[in-house]
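What follows is one structure encoded as structure tokens, with my remarks underneath.
Residue numbers (this note's numbering): 38 to 837.
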């Protein structure tokens, strides 16, 4: 029986090559897109699940009271020990400094390493990090000891054992290598290669009881139920244990380990690229829609060919075939077709996976050796698609009554209505994806072209403390040589201006002032969070900032007038000042700052965040970063000259530079990836839908061959006949447009609400999306319509 099914199936597929090609291409492309998205979702959901204690690990975070816009992944370093004392169900705690880029040397081998961190010995107990050599419980209890990854061990020591050897950090601190741990997996939110003992932090100058110094703080509780108990107990714990000045306006919370990657996109202070569960849901929905479009193509084409297959069904029933046998035959055709499509799809996945992984910024592997269970699931999934896609045609075709079929009377009204509904669904998805792509594109255009308040183009930036664009631990060797360096760099023909600043795209020094420390009392508001930035007198001109009131810094402000500050408009507004010049902020009894000027708001962070109240304080030394405004003409020569000067003034550190607009663009990698993928998947969905429309149009034209011939004989023009055969698509597109517009509006409004600065949704976006989809659909259908209209009516009526 199976052999017979196979022979008949192959014979039918070969006989109708166009129909077969359309279905195989549609299903293979749809399956390939689904498999790629499935691999991405599996990678996202797997983060940190390799830890056997994952459901019992939490990270302590800080956030403003009643304000979700300020949520930090860090906690004060003294908290860890107190948590173990106050909560009996807390088994262990561990602190880790967020990994940053710092200079590591061994002999003449010197590199900037991204993953330099310091942690407690319990890090290796709480997390499943296999130790290859050494005992972290004893070794990391001492200062200036370090465990390094196998990758780092190979890089600096080759095939020899690194234990007992030494590494120098930041040209200053010598660490004894006490052990080696296995490289951390790619699906871990932790990303470090150099784990120095936390005691080293104290030996290097960090105060042990400093409640204003923070680190990642993890707690391992006895059972998953204790996670909620810890969360509920943190507020009274903070009131009881944390110094009053540190808790003002701040809450502490317990973030489960398994929520860090996908459920904490609003939490700042992480060094790794986080995911977002909303994007996981979004791409899962896109995968389902693309696959449904491919399945709908098969169903539509199969039912549209009902008249072709009807006589076959009638004859086979007349000679004794039962409905079950016919269902088996049609399902066999569908499963074989999907099997062929699956083979092609897997080939496409292997071809596209490197590019897809690059766009998604993830390490994604696919193969029997990496994930045999997943491969098996995908094979079953592909065959299941064949069953789903073929089920309706199988039951529909097998239900024909042989006497009605052989007499030529087949009732197809229900089938026609269903086909139209399915085509509307395909067009609905196409319009929705096109509209969503346009929204993402316009928002990204706003992000990249309308950053408020400064001129970021042609700004060359480099860190004074090494290669990191997050401040590292290197001594600021340029600090006392800044005047010399600045004077010489301005002599380079391609350099127009130069300045220094303490931050580029990160929050500056964060302070909280109660209302009584803000002159004027803030009109009854409880207090003010503000960010500080240290700059020199040329900062405002170099960055292109606009003065609103008062004066800006000059050379005198770094000395006797160092407590003068310039503030932004947002600080003036939140402080409630009508006349800000001369107003004071009391950072402490001894540290009182006086406002001498106001600058127009400028944004140095992602546009998802509102502009924070900001003050700028003066310096005459190099801060963490130097910023040069350079000419575009002969840029390579300018950069080479700056690098030579750097080597002369600061020979201890390599020269690592970036352009400010590149630094800023890096803040939007996730959104830019979203835009690229939306566009790609929209094209896929449209292409698959057009395949189906092309096939349907071909069968419709074939079924109306006689009608077209008669109309042409009676005088109908080619345009009239083409319009007749194409007009149905206009009504179907209108229905799809009406259904898609509100769905996309609600969804994209929710996405745009995550930006403090955003575009406004208007009808033009939806009209463009509908118009593009309609044009594509009409072009697809019109080919068959025009072809039918141009056919010789004599040939179409000859059999009469």
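C-beta: ideal position from N, C-alpha, C; glycine also.
Listed in chain order, the beta strand (DSSP E) elements of length 3 or more contained wholly in the region 121 to 167 are 127 to 133, 137 to 143, 146 to 156. Take residue 666, set aside five residues on each side of it, and the residues of its chain with a beta-carbon closer than 7 Å to its own are 495, 496, 533, 534, 579, in chain order. Per DSSP, the unbroken beta strand (DSSP E) holding residue 253 starts and ends at 251 to 258. The beta carbon of residue 403 sits closer than 8 Å to those of 72, 76, 386, 387, 390, 411, 412, all from its chain and outside the five residues before and after it, given in chain order.
Per DSSP, the unbroken beta strand (DSSP E) holding residue 287 starts and ends at 287 to 293. Within the same chain, Cβ atoms closer than 8 Å to the Cβ of residue 310 are found at 398, 706, 707, the five residues on either side in sequence being excluded. For residue 687, the closest alpha carbon among the candidates 501, 816, 696, 695 is that of 501. Out of 157, 194, 193, 167, the CA that lies nearest to the CA of residue 181 is found in 157. Closest option to residue 774, judged by alpha-carbon separation, among 809, 785, 54, 759: 809. With a threshold of 16 other beta carbon atoms within 10 Å, residue 44 falls short and is exposed.
The beta carbons of residue 620 and residue 635 sit no closer together than 8 Å. In this structure, DSSP gives residue 248 a state outside helix and strand, which the three-state scheme calls coil.
In this structure residue 93 is buried. Its beta-carbon is surrounded by 16 or more other beta-carbon atoms within 10 angstroms. When 231, 574, 194 are compared, the shortest CA-CA separation from residue 184 is found for 231. Under the three-state reduction of DSSP output, residue 116 falls in the helix class.
Take the alpha-carbon of residue 142 and the one of residue 150: they are about 10 Å apart.
Around residue 700, the same chain offers 498, 506, 541, 542 as residues with beta carbons nearer than 7 Å, after the five sequence neighbours per side are excluded. Separation of residue 710 and residue 396 (C-alpha to C-alpha, rounded to the nearest whole angstrom) is 6 Å. Burial is judged here by how many other beta carbons sit within 10 angstroms of a residue's own beta carbon; residue 757 has fewer than 16 and is exposed.
As computed with DSSP, residue 210 is found in a beta bridge with 206.
Around the CB of residue 812, fewer than 16 other CB atoms lie within 10 Å, so the residue is classed as exposed. Annotated as proximal: residue 459 and residue 337, with beta-carbon spacing under 8 Å. If you draw a straight line from the Cα of residue 664 to the Cα of residue 575, it is about 10 Å long. Under the 10 Å beta carbon count, residue 522 is surrounded by 16 or more other beta carbons and is classified as buried. Of the other Cβ atoms in all chains shown, fewer than 16 fall within 10 Å of the Cβ of residue 768; this residue is therefore exposed. By the criterion of a C-beta distance shorter than 7 Å, residue 819 is surrounded in its chain by 759, 763, once the five residues flanking it on both sides are discounted.
Judged by DSSP secondary structure, residue 651 falls within the beta strand (DSSP E) whose first and last residues are 651 to 655. The three-state reading of DSSP puts residue 241 in coil, since its state is none of H, G, I, E or B. Around the Cβ of residue 264, a 10 Å sphere holds 16 or more other Cβ atoms; the residue is buried.
Secondary structure note for residue 79: its alpha helix (DSSP H) is the uninterrupted segment 54 to 82. Closest by C-alpha distance to residue 615, out of 630, 558, 623, is 558. Taking the CA atoms as reference points, residue 271 sits about 26 Å from residue 568. By the 16-neighbour rule on beta-carbons within 10 angstroms, residue 259 is exposed.
In the three-state reduction of the DSSP assignment, residue 107 falls in the strand class. Inter-residue distance for residue 289 and residue 160 is about 21 Å (C-alpha atoms, whole angstroms). Look at the beta carbons and you see the region 119 to 128 not touching the region 191 to 201: under three pairs across the two are nearer than 8 Å.
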